[in-house]
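Colleague:
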Amino acid sequence: MYPDIITLTFVLLYQRVMLVFCSASDMGPLTSLPTQADTTMIQGVIVLILLTVAALGFLLYRYLCHNKGDYRTTGEAAPGDDPDDEYNNQAASEKKEYFI
């Protein structure tokens, strides 16, 4: 069952490829220049792509600026707090428990 399907698939693919190449070689060289309508269409597509990229860039920039946030490290002390106060506290050192 499977070899027949695979063979048929390759035969159909070969026929389509040969049809494309044979019809292209029968046409002869294409020496005509593109028309004004073709050039205008290409320019329009390029402008639309550039406008889309610019709009997406603007939206990405706006999103990143809006969500930049504040990042604080754990080493920052609040105003008025002594960072050495925890280590110098005698009451805290007396309450240490050791588990064996």
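Per this note's numbering, the sequence shown runs over residues 290 to 389. Don't be surprised by glycine CBs; every beta carbon is placed ideally from N, CA and C.
Taking DSSP as the reference, what is the three-state secondary structure of I335?
Modeller: If DSSP states are grouped into helix, strand and coil, I335 belongs with the helices.
Colleague: Could you tell me the distance, in whole angstroms, from the CA atom of L301 to the CA atom of T328?
Modeller: Their backbone Cα atoms lie some 36 Å apart in a straight line.
Colleague: When the Cα atoms are used, what is the spatial distance from V336 to T324?
Modeller: Near 19 Å, if we compare the C-alpha coordinates of T324 and V336.
Colleague: Sorted by chain position, which residues of the same chain lie with C-beta nearer than 7 Å to T296's C-beta, five sequence neighbours on each side aside?
Modeller: Here the set comprises nothing.
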